[in-house]
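Structure record follows, encoded as structure tokens.
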Amino acid sequence: MTEIERKFLVLDDSYKSLSYAHSHIMQGYICSERGRTVRVRIRDARAYITIKGPSTDNGLTRYEFEQEIPLVDAEQLMQLCEPGIIDKTRWLVKSGDHTFEVDEFHGENDGLIVAEVELRDATDVVEIPHFIGKEVTGDRRYYNSQLRQHPFKLWYD
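First residue of the sequence shown: 10, per my numbering; consecutive thereafter.
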């Protein structure tokens, strides 16, 4: 399956009052080499393993395979992950025909809030909510696999 998504910085926390659901996510990376990642994610009481290929179209599209796995397996696989776990709360906000996934990071990435929206195709028109700021699609610094290695709290302007 090909994933097509755009990524943005978030201006304020008004997304919280607009959200229809939120969940806690912990994720680690078994492999985070450029061009391929293998991720283990625990989202509330459910778990997944995800394999992603290299990005194309300036970060807009990439191959993604995701499979739900037993929670106990994910907890064991987390022990095999590279150092640095991503800890975040994901808020879901509808905007027109799309849903924005707003990730509020914790721990080493505290203070960073990023929103993603998945598209049906690269020409999809998206209604941008008022809390959305600068687009950072394709900026590798905002990839979760990179935030694990280079946390937001260590960034300098």
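Here a beta-carbon is modelled for each residue, glycine too, at the ideal position from N, C-alpha and C. Since we're looking at a predicted model, the values are computed, not measured.
Going by CA-CA distance only, name the one from the options that's closest to residue i.
i            : options                          : result
glycine 147  : Leu20, Tyr29, Ser23 and Arg43    : Arg43
arginine 149 : Met35, Ser41 and Thr108          : Ser41
valine 126   : Glu117, Asp112 and Gly116        : Asp112
leucine 80   : Leu128, Ile34, His159 and Pro160 : Ile34
glutamine 85 : Phe140, Tyr38, Gln158 and Trp164 : Tyr38
For residue i, does the count of other Cβ atoms within 10 angstroms reach 16, so buried, or fall short, so exposed?
i                : result
glutamate 77     : exposed
lysine 162       : exposed
tryptophan 100   : buried
tyrosine 151     : buried
leucine 156      : buried
phenylalanine 74 : exposed
alanine 83       : buried
Thinking C-beta only, is residue j closer than 8 Å to residue i?
i                 : j             : result
threonine 46      : serine 154    : yes
leucine 128       : isoleucine 58 : no
phenylalanine 140 : serine 23     : yes
On the three-pair Cβ rule with 8 Å, is the region 44 to 62 touching the region 114 to 122? no
Entirely within the region 35 to 90 and at least 3 residues each: give me those beta strand (DSSP E) ranges in chain order. 46 to 52, 55 to 65 and 70 to 78
Sufficient close CB pairs (3 or more, under 8 Å) joining the region 57 to 67 to the region 103 to 110: At 8 Å Cβ cutoff, the stretches do not touch.
Does the region 12 to 21 come close enough to the region 133 to 152 to have 3 or more Cβ pairs within less than 8 Å? Remark: three or more beta-carbon pairs, one from each stretch, lie closer than 8 Å, so the region 12 to 21 and the region 133 to 152 are flagged as touching.
Let me know the beta strand (DSSP E) ranges lying completely inside the region 116 to 165, each 3 residues or longer, listed in chain order. 122 to 127 and 141 to 144
Three or more C-beta pairs closer than 8 Å, one from the region 83 to 90 and one from the region 127 to 136: is that the case here? no
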